[in-house]
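Residues in the sequence shown are numbered from 4 upward in steps of one, following the numbering used here.
Cβ atoms here follow ideal geometry from the backbone N, Cα and C, with glycine treated the same way.
Bear in mind that the values here come from a model prediction, so they are computed numbers and not experimental data.
This report refers to the structure that appears directly beneath it.
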Amino acid sequence: IRKGGELGPLMDKLTGKSNVKQGAGAIGIFTKGELDRKAAYVQIVLSALIKFVSPEWFD
Numbered sequence: 004i005r006k007g008g009e010l011g012p013l014m015d016k017l018t019g020k021s022n023v024k025q026g027a028g029a030i031g032i033f034t035k036g037e038l039d040r041k042a043a044y045v046q047i048v049l050s051a052l053i054k055f056v057s058p059e060w061f062d
């Protein structure tokens with residue numbers, strides 16, 4: 004990645020699996036299936052919205 008490679012193809016090469024980025028993604032590999040890309044994005048978006056959902060905690 005530091006040399007300009009894209010994570011998807013690198014994960015395919017490292018894991019021997021095909022099209023990792025369309026499945027669980029790197030996060031799925033790193034967490035041994037405990038968290039997949041979709042679940043990770045849901046958590047990220049919800050975390051970003053906390054300030055708007057509960058503004059009383061962020062005065």
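Local Cβ density within 10 Å of residue i, reported as buried at 16 or more and exposed below that
i	result
Val23	buried
Ala51	exposed
Gly31	buried
Alpha helix (DSSP H) segment containing residue i, residue limits
i	result
Pro12	10-18
Leu49	40-56
Ile30	28-33
Straight-line gap, residue i to residue j (C-alpha atoms, nearest Å)
i	j	result
Ala29	Gly11	8 Å
Gly7	Gly19	20 Å
Ala42	Arg5	26 Å
Arg40	Asp15	15 Å
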